[in-house]
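A short write-up of the structure that comes next.
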Amino acid sequence: MSEQPWTIESIRDALGNPALAQRFLGEINRAPAHELLAVFARWERIAKDTVAAVARGREITEAQARGEDPTAGWTDVTDRVLDDANRIRTRGAA
């Protein structure tokens, strides 16, 4: 999809989920003219992210099928995230 410009139809198709596609069509059809580009751009980003996530999922599945560990190069930040969450709970976010 990166070669072709995004259209309403291609965004709908990229979303995959019928309920999500229907939500997109509803929003794009009800958007006032002055908001149309912003609504389109938001859903274009969602469609791009969806396509990228599907591609990444397929890459992970293929790596696992080859016996590889697709997470080998990932950095585990679980402890940092938990520490940040604990700090936010005890002191507040601001």
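Mapping to UniProt numbering: the sequence shown position 4 is 4, numbers consecutive.
Just so it is clear, CB atoms sit at the ideal spot from N, CA and C, and this is done for glycine as well.
Between alanine 33 and valine 39, the gap from beta carbon to beta carbon reaches 7 Å or more. Taking C-beta atoms as the reference points, alanine 65 and isoleucine 11 fail to come closer than 7 Å. Residue burial annotation: tryptophan 43 is buried, with at least 16 other C-beta atoms found within 10 angstroms of its C-beta.
In this chain, proline 70 is not harboured by any alpha helix (DSSP H), its DSSP state being neither H nor E. In terms of CA proximity to alanine 72, Ile60 leads the group Ile8, Ile60 and Gly26.
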